[in-house]
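*Asks:*
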Amino acid sequence: MTNYLKIAEKAKPECINCAQEIFEAISKNSTTKSLDKVKKQMDNLNTFLYTYFLITYNKDLTNIHDDFTLKIKNVHDKSSLKNIANQLIEAYSNSLLDEMEFSRNEIIDNALKIINKEYATGLNLEDLAKKLHLSKNYLCSLFKEETGFTFCQYLNTLKTNKAKKLLLEDKKTLEYISYECGFSSQPHFTMTFKKYTGKTPREYKMSLVSQ
DNA sequence: AGACAGAGAGATCCCGAAGC
DNA sequence: GCTTCGGGATCTCTCTGTCT
922 MTNYLKIAEK
932 AKPECINCAQ
942 EIFEAISKNS
952 TTKSLDKVKK
962 QMDNLNTFLY
972 TYFLITYNKD
982 LTNIHDDFTL
992 KIKNVHDKSS
1002 LKNIANQLIE
1012 AYSNSLLDEM
1022 EFSRNEIIDN
1032 ALKIINKEYA
1042 TGLNLEDLAK
1052 KLHLSKNYLC
1062 SLFKEETGFT
1072 FCQYLNTLKT
1082 NKAKKLLLED
1092 KKTLEYISYE
1102 CGFSSQPHFT
1112 MTFKKYTGKT
1122 PREYKMSLVS
1132 Q
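Converting from the first sequence to the working numbering requires adding 921 to each position, the first position being numbered 1.
Shown next, in the form of structure tokens:
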């Protein structure tokens, strides 16, 4: 697990090679392991990177996770698996490039900083517009133009992602999680969570447990 | 008790158009 | 580039009832 964490921490565009070197160092021992064991190790790395990026960068890279789960499943030799490992690290690293290009506009850059910091405190569009000294209607259209999301969509995505993280932790009720993520009530949380993930919170938790 | 879903009313957001 | 306005769309809140 410690090694996975090292890889995740280095999985950035500027030090992608370090991450790949760490993985190579780990996989040196894999020559003695069966193909299935190495595949299992790769699956674990994929899931670890997915969870790490979700929690650390608030990036839901389900598409990358699912794509590589399939690739790993279909591979039949260890050398191909090594290539896939490098591609895997590269794919997660490159997702951060999107983030850099995402916030070209200085106003939106500031808006995102405020939202990321205050999204769980009941922040609304009007508050945000006041902080940025803009009209809410203009901010609304600018935000959509620059990010592709409406303000509400982005806010709910952040809240939902935080909820996903909290759902992984045991002994937390939906009531607790809903308030912790900035939802006004548990029914509202359940409804929004289902809208953004396609699953209710309990279904989501069960799907993780069954993996 | 906790989780979930539906309904209705009110609040807020989004978007296009017009104008500065 | 930015604001204002108005109307429709969407979201939020709260209550209620059912299920596990």
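Glycine included, each C-beta is placed from N, C-alpha and C at the ideal position.
Tell me whether residue 996 sits in a helix, a strand or coil according to DSSP, three-state version.
*Replies:* Here residue 996 carries a coil assignment [DSSP, helix/strand/coil].
*Asks:* Looking at the secondary structure, which residues open and close the alpha helix (DSSP H) in which residue 1061 lies?
*Replies:* 1057-1068
*Asks:* With DSSP run on the structure shown, which of helix, strand or coil describes residue 1054?
*Replies:* coil
*Asks:* Using the Cβ count rule (16 or more neighbours within 10 Å means buried), how would you classify residue 1059?
*Replies:* exposed
*Asks:* Go to residue 982, then tell me how far its alpha helix (DSSP H) extends in each direction, as first and last residue.
*Replies:* Note, residue 982: premise wrong, no alpha helix (DSSP H); not H, not E.
*Asks:* Using alpha carbons as the reference points, say which of 1099, 1006, 980 lies closest to residue 991.
*Replies:* 1006
*Asks:* Which residues in the same chain as residue 1002 place their Cβ atom closer than 8 Å to its Cβ, once the five residues preceding and following it in sequence are excluded?
*Replies:* The residues are 956, 959, 960, 963, 993, 996.
*Asks:* Report the option in 1012, 998, 1004, 999 whose CA atom is closest to the CA atom of residue 986.
*Replies:* 1012
*Asks:* Cutting at 7 Å between CB atoms, please list the residues of its own chain near residue 1103, excluding the five before and the five after it.
*Replies:* 1040, 1041, 1042, 1043, 1080
*Asks:* Excluding the 5 residues flanking residue 1099 on each side, which residues of the same chain have their C-beta closer than 6 Å to its C-beta?
*Replies:* 1107, 1110
*Asks:* Residue 1061: which of 980, 1127, 1046, 1117 sits nearest, CA to CA?
*Replies:* 1046
*Asks:* Taking 7 Å as the limit between beta carbons, can you name the residues of its chain near residue 1116, skipping five residues before and five after?
*Replies:* none
*Asks:* Work out the CA separation of residue 974 and residue 1015 for me, nearest whole Å.
*Replies:* 12 Å
*Asks:* Measuring straight from C-alpha to C-alpha, what distance separates residue 969 and residue 1094?
*Replies:* 24 Å
*Asks:* With a threshold of 16 other CB atoms inside 10 Å of the CB of residue 1070, please say whether the residue is buried or exposed.
*Replies:* exposed
*Asks:* Report back the beta-carbon spacing between residue 1028 and residue 1049 to the nearest angstrom; my notes put them in contact at under 8 Å.
*Replies:* Incorrect: roughly 11 Å between the Cβ atoms, too far for contact.
*Asks:* Check residue 1120 in the structure and name its three-state DSSP category.
*Replies:* Here residue 1120 sits in coil by DSSP.
*Asks:* Report the CB separation of residue 1096 from residue 1087 in whole angstroms; it is logged as a contact under 8 Å.
*Replies:* Not a contact, Cβ separation roughly 12 Å.
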